[in-house]
Amino acid sequence: MHDIRYGLRMMLKTPVVSAVAILSLSLGIAANASMFSLLNAFLLEPFPYADQDGLVILREGRQGEGIESASGVSIPNFRAYEAAGRSIESLMAYTLEAANLTGLDVPEQITVVEGTPNLFDVLGVQPSLGRNFDPEEGSEGMGNVLVLEHDFWKSRFMSDPNVLGRTMTVDGTIYTIIGVMPATFDMLPANVDVFRPTDFMDQMDRHDS
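Numbering (this note's numbering), first residue to last: 157 to 365.
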């Protein structure tokens, strides 16, 4: 448990995406691992996610340097994993960001998970209020939406069931609230406030252009 939590913390400090996959473990992951420098996979059995037997975190590093030297997955490699073949059933990526929230009581800094739109689907959890992200959300021009973490919803919106459709301004951009996560959901290892969908490849293409 300690090693897994340490690995998760290390991943969130790196300038790459953290990647979580549902694998067909009966087929093995060695073929995919050989495509890159190293694949470290940690089973998430202690965590409250669905499909615990097949849910793993992907990390990359250099052969022989151990867990501490491994990092998250680069965006090009993440896309390569998506196309890697039979043993990966589903794959999502996320990063952890600090952001500035304005427009509520007082300005404050919050913690945001930016993830691919299938983030909750891969983890096997759905909002207790509202809806999940649509596949196209996160791409530029496809609307700005947020899902709230349960404690954030309780403390900032007083558990208001009519919160859906309200807006929040995060880093100067107006977002519409579309959902609230259940109280049992824990996005380890960080204390997360909100979730927003992101197309990492589209983001990288716009950065390079």
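Where a beta carbon is used, it is the ideal one built from N, C-alpha and C, also for glycine.
Residue i, DSSP secondary structure in three states
i      : result
Val278 : helix
Phe308 : helix
Arg215 : strand
Glu296 : coil
Ala339 : coil
Arg322 : coil
Arg352 : strand
Asn233 : helix
Between the CA atoms of residue j and residue i - distance to the nearest angstrom
i      : j      : result
Phe198 : Val303 : Because Phe198 sits at a pLDDT of 40, beneath the cut-off of 50, its placement in the model cannot be relied upon, and the following sentence gives the value as read from the coordinates. Cα to Cα, the separation comes out at about 27 Å.
Ala255 : Asp316 : 23 Å
Asn300 : Leu279 : 22 Å
Tyr237 : Thr323 : 35 Å
Pro353 : Met298 : 10 Å
Ser295 : Thr325 : 18 Å
Ser230 : Ala239 : 14 Å
Leu320 : Glu216 : 38 Å
Phe234 : Glu253 : 19 Å
Burial state of residue i (16 or more Cβ within 10 Å)
i      : result
Val269 : buried
Ile330 : exposed
Val262 : exposed
Pro232 : exposed
Glu292 : exposed
Asp327 : exposed
Leu260 : exposed
Asp290 : exposed
Is the segment 283-303 touching the segment 331-349 in the sense that three or more CB pairs, one from each, lie closer than 8 Å? Taking one beta carbon from each stretch, the segment 331-349 and the segment 283-303 have 3 or more pairs nearer than 8 Å; the two touch.
Can at least three beta-carbon pairs, one atom from the segment 234-252 and one from the segment 297-315, be found at a separation below 8 Å? Verdict: no, contact absent.
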